[in-house]
């Protein structure tokens, strides 16, 4: 004789597994970790500071030109 199972529990477990698999696919497709986002923000701030430091003064440009 076969094993007795509760169909409601089986359906709920299958739904959770399906949702978990879909979430994993969406994370791989769209998601980035908080550390990756923070690293990108730091790199952008560093790049912007470098550009601001290399920028010529507006008054000096007008006097020379």
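Residue numbers (UniProt numbering): 1 to 65. Don't be surprised by glycine CBs; every beta carbon is placed ideally from N, CA and C.
Item to complete: Assign residue 56 to one of three DSSP states: helix, strand, or coil.
Response: Counted from its first residue, the chain shown places residue 56 at position 56. In the structure shown, residue 56 sits in coil (DSSP, three-state: anything other than H, G, I, E or B).
Worksheet item: Between the C-alpha atoms of residue 16 and residue 4, what's the straight-line distance to the nearest angstrom?
Response: By 1-based counting over the chain shown, the position of residue 16 is 16. By 1-based counting over the chain shown, the position of residue 4 is 4. Distance between the alpha carbons of residue 16 and residue 4: 21 Å.
Worksheet item: Secondary structure at residue 44, three-state DSSP: helix, strand or coil?
Response: Residue numbering aside, residue 44 sits at position 44 when the chain shown is read from its first letter. Helix, per DSSP.
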